[in-house]
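Heads up: the sequence shown begins at 511 in our numbering, then just goes up one per residue.
C-beta: ideal position from N, C-alpha, C; glycine also.
Fair warning: this is a prediction, and the values are worked out from it, not measured in the lab.
Some notes on the structure that comes next.
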Amino acid sequence: MRRKINPEVLLEALICLSLSVLLLYALISGRASEYVHPRINGYLWFSSCALFVISLLLLSGSLRPRHNARPARFLLFLIPIFSVLLIPAGAVQSRAVSFGSTAAAQSAAPPSGKSAAASSQAVSTTGPSSSALPQEDASGVTSISDEQFAAWYQDINKDMEKYEGKTLRFKGQVFRMDGFAKNEIVPVRYAMVCCTADLQPCGILCRSGEASQYKDNDWVWVTGKVKIETYMDQTMPVCYVTKIEKAEKAKAAYIYFTY
Numbered sequence: 511m512r513r514k515i516n517p518e519v520l521l522e523a524l525i526c527l528s529l530s531v532l533l534l535y536a537l538i539s540g541r542a543s544e545y546v547h548p549r550i551n552g553y554l555w556f557s558s559c560a561l562f563v564i565s566l567l568l569l570s571g572s573l574r575p576r577h578n579a580r581p582a583r584f585l586l587f588l589i590p591i592f593s594v595l596l597i598p599a600g601a602v603q604s605r606a607v608s609f610g611s612t613a614a615a616q617s618a619a620p621p622s623g624k625s626a627a628a629s630s631q632a633v634s635t636t637g638p639s640s641s642a643l644p645q646e647d648a649s650g651v652t653s654i655s656d657e658q659f660a661a662w663y664q665d666i667n668k669d670m671e672k673y674e675g676k677t678l679r680f681k682g683q684v685f686r687m688d689g690f691a692k693n694e695i696v697p698v699r700y701a702m703v704c705c706t707a708d709l710q711p712c713g714i715l716c717r718s719g720e721a722s723q724y725k726d727n728d729w730v731w732v733t734g735k736v737k738i739e740t741y742m743d744q745t746m747p748v749c750y751v752t753k754i755e756k757a758e759k760a761k762a763a764y765i766y767f768t769y
């Protein structure tokens, strides 16, 4: 006698298996970091394994027929699967960056102050180790690499006087707020605390006569001397730019603070 397949249980199994495979692919390819903080990866690995086991258990039960099976009620779960397959990560990132920028712009404080407040809550109170911080070269320029940006940003907000009069070279995306002068920008990196919904721009205010030549979100290298000033009722480091040029996009989309 031919055994009938239970379409409802079979669809449940396929959905669980698809979600498990998608999570596994995101973790192995590194795309998971485009959506959530790497510290959450452990939970994603567990979820992928659990969904795979559940799908196997459901498949074994799909050969037992059930009266009044209603597989259509599970079609809703296909939406997140097709969303991941059809919507590129870049579209999600641009929306998240726009959301983060808008949230920062609605604050009365400039992005440096906003981000400093956010980072002071998110990072450990011990601060970055000296080995993680950029060092001054023979020409007197401190170049901040992509990997050092988070540690440097934390350090300059904690001990800004240490950087006064220093010449820095760093890379970021052009960010502006309402009220900025034409010569003012903030080359930022976007910090992720938990997921793309909480992205915050992190950087220091820069002044340059060439700032207006660059559009928002353009990647730029900035070289300039730091001065400590009061801006919008907050004391902060301000970089007076001596050189600004186009830069390549950073390999890592976001930066992550140390907890």
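Could you tell me the alpha carbon to alpha carbon distance between Asn516 and Ile564, rounded to whole angstroms?
C-alpha separation (whole angstroms): 16 Å.
Whose C-alpha, out of Leu521, Ala523, Ile765 and Arg583, is nearest the C-alpha of Val698?
Ile765
What residue from Asp708, Ala648, Lys681 and Ala523 has the CA that sits closest to Ser570's CA?
The shortest Cα separation from Ser570 among Asp708, Ala648, Lys681 and Ala523 belongs to Ala523.
Looking only at its chain, what residues have a beta carbon closer than 7 Å to the beta carbon of Val684, apart from the 5 residues adjacent to it on each side?
Ile695, Pro697, Tyr724, Lys725, Asp726, Asn727, Asp728 and Val730
What does the alpha-carbon distance come out to for the pair Val748 and Cys704?
29 Å
Could you tell me the alpha carbon to alpha carbon distance between Arg549 and Cys712, rounded to whole angstroms?
If I take the Cα positions, the gap works out to 20 Å.
Taking DSSP as the reference, what is the three-state secondary structure of Tyr764?
coil
From Gly552 to Ile589, what does the alpha carbon distance come to, in whole angstroms?
24 Å
Do Ser722 and Val732 have their CB atoms nearer than 9 Å?
The Cβ atoms of Ser722 and Val732 lie no closer than 9 Å to each other.
Hey, quick one: how far does the alpha helix (DSSP H) through Gln683 stretch, first residue to last?
Looking at the DSSP string, Gln683 is not in any alpha helix (DSSP H); the run it does join, the beta strand (DSSP E), is Thr677 to Phe685.
For Gly610, count neighbouring Cβ atoms within 10 angstroms of its own Cβ and tell me buried if that reaches 16, exposed if not.
Unreliable positioning characterises Gly610 in this predicted model, as indicated by a pLDDT of 45, which lies under 50. A coordinate reading is not provided.
Tell me whether Leu567 sits in a helix, a strand or coil according to DSSP, three-state version.
Helix at Leu567.
State the DSSP-derived secondary structure class of Gly552, mapped to helix, strand or coil.
helix
Within 10 Å of its beta-carbon, does Ala648 have 16 or more other beta-carbons around it, so buried, or fewer, so exposed?
exposed
My output table needs one value for Gln744: the three-state DSSP class, helix, strand or coil.
strand
If the criterion is Cβ atoms closer than 9 Å, does the pair Gly675 and Lys737 meet it?
It is a contact, given that the beta carbons lie within the stated cut-off.
Just how far apart, CA to CA, sit Gln744 and Leu715?
Rounded to whole angstroms, Gln744 to Leu715 spans 12 Å at the Cα level.
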